[in-house]
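K.L.:
First the structure, which I've put down as structure tokens, then a few questions once you've had a look.
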Amino acid sequence: MTVQRTLSIVKPDAVAKNVIGKIYTRFEDAGLKIVAAQMRQLSQAEAEGFYEVHKDRPFFKDLVSFMISGPVMIQVLEGEDAILKNRELMGATDPKKAAPGTIRHDFAESIDANAVHGSDAPETAAREIAYFFPALAIHSR
Ligand code: RTP
Ligand code: MG
6 MTVQRTLSIV
16 KPDAVAKNVI
26 GKIYTRFEDA
36 GLKIVAAQMR
46 QLSQAEAEGF
56 YEVHKDRPFF
66 KDLVSFMISG
76 PVMIQVLEGE
86 DAILKNRELM
96 GATDPKKAAP
106 GTIRHDFAES
116 IDANAVHGSD
126 APETAAREIA
136 YFFPALAIHS
146 R
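Listed below in structure tokens is the structure:
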């Protein structure tokens, strides 16, 4: 077990549904600490850069349009096995396949509007945290 940090985004659908607090409670109840946070309206270039790994996928254009359709809440979560723990809290990418009690099952409507993003590995977590947060803005105490 190691203490890790992971990048989490509450996507525009969940911000519009007014469930940021309910999602934060899931993180807190699982022992994940919010050590940095910012609410932002992403620009198209920022969203494209963030999801660059998917740029050749058929859903890329719709994904970017969705991510800039309204404000997002971006946070760094810290805790034991934070990357995997957050992915477990999120549930499957498609909310219809997500287990009951997961964030996507409980708050999301579709694979396009699926409430949350979470880094999927230590390398992507490091890249994604650096993408949105200058290192010194993180508070871990
Ligand atoms: P995320 O990156 O947002 O945390 O989601 P994920 O790891 O569960 O899924 P990923 O494969 O990384 O895909 C990123 C986002 O693209 C949308 N997507 N649409 N229509 C489709 O087949 C499809 N596949 C993926 C989803 O909104 C997904 O969260
Ligand atoms: Mg992903």
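Heads up, the sequence shown is in the working numbering, so the first residue is 6 and it goes up one at a time.
The beta-carbon is built from N, C-alpha and C at its ideal position, and this holds for glycine as well.
A quick note: this is a predicted structure, and the numbers were derived from the prediction, not measured.
Would you mind reading off the limits of the alpha helix (DSSP H) that contains residue 49?
P.N.:
49-55
K.L.:
Could you tell me which of 61, 51 and 6 sits nearest to residue 138, measuring between CA atoms?
P.N.:
51
K.L.:
Among residues of its own chain, excluding the 5 on either side of residue 91, which ones have a beta-carbon nearer than 7 Å to its beta-carbon?
P.N.:
For residue 91, where only same-chain residues beyond five positions count, the Cβ hits under 7 Å are 11, 13, 37, 82 and 123.
K.L.:
By DSSP, does residue 109 sit in helix, in strand, or in coil?
P.N.:
helix
K.L.:
When we look at the beta-carbon of residue 6 and count the other beta-carbons within 10 Å, is it buried (16 or more) or exposed?
P.N.:
exposed
K.L.:
Considering only the alpha carbon of each residue, which of 93, 70 and 129 lies closest to residue 31?
P.N.:
93
K.L.:
In this structure, what does DSSP give as the bridge partners for residue 40?
P.N.:
For residue 40, which the question treats as bridged, DSSP gives no partner whatsoever.
K.L.:
Taking 7 Å as the limit, tell me which residues put their C-beta closer than that to any heavy atom of the ligand MG, in chain order.
P.N.:
122 and 125
K.L.:
With DSSP as the reference, label residue 20 as helix, strand or coil.
P.N.:
helix
K.L.:
Looking only at its chain, what residues have a beta carbon closer than 7 Å to the beta carbon of residue 8, apart from the 5 residues adjacent to it on each side?
P.N.:
83, 84 and 85
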